[in-house]
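Engineer: Counting from 6, one number per residue, gives the positions in the sequence shown under this note's numbering.
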Amino acid sequence: LHDKKETLETLVDDKYYILEDHYAGIEKEEDVSDHTKDIMEKFRNKFSEDKELQKDIQKQSEMIILNNS
């Protein structure tokens with residue numbers, strides 16, 4: 006059970022960093038609207054501070070994996 010929890014945490018964290026890397030890349034190359042910047046900043050703050058959000062994302066990820074197996 007602990008391995009499953011750890012795996013889901015790693016999965017969510019890895020995908021978050023992919024999103025961050027992608028956003029950082031387009032932010033440098035393209036004009037990103039203020040609206041998009043605001044949304045990303047709010048998501049960053051919420052993701053890093055809100056443990057319930059992280060648990061919810063992990064739970065949803067688990068359900069997606071189970072339903073697609």
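Backbone N, C-alpha and C define an ideal beta-carbon position, used for all residues, glycine too. All values reported here derive from a predicted model rather than from experimental measurement.
Taking the alpha carbon of Asp19 as the reference point, which residue from Val37, Ser74, Gln59 has its own alpha carbon closest?
Structural biologist: On the sequence shown, position 14 is the one that residue 19 refers to. Of Val37, Ser74, Gln59, the residue nearest in Cα terms is Gln59.
Engineer: Asp36 by DSSP, collapsed to three states: which one?
Structural biologist: In the sequence shown, the residue the question calls residue 36 occupies position 31. Coil, per DSSP.
Engineer: What whole-angstrom Cβ distance do Leu13 and Glu54 have, given they're in contact under 8 Å?
Structural biologist: Here residue 13 refers to the residue found at position 8 of the sequence shown. Here residue 54 refers to the residue found at position 49 of the sequence shown. Not confirmed; about 19 Å, so no contact.
Engineer: Mapping DSSP to helix, strand and coil, what is Asn73?
Structural biologist: Looking up residue 73 in the sequence shown gives position 68. Three-state result, Asn73: coil.
Engineer: Rounded C-beta distance between Phe52 and Tyr28? I'm assuming under 8 Å.
Structural biologist: The residue given as residue 52 occupies position 47 in the sequence shown. The residue given as residue 28 occupies position 23 in the sequence shown. That belief does not hold up - the Cβ atoms of Phe52 and Tyr28 are roughly 12 Å apart, past 8 Å.
Engineer: With a threshold of 16 other CB atoms inside 10 Å of the CB of Gln63, please say whether the residue is buried or exposed.
Structural biologist: Reading the sequence shown from its first residue, position 58 is the one you call residue 63. Looking at its Cβ environment, which holds 16 or more other Cβ atoms inside 10 Å, Gln63 is buried.
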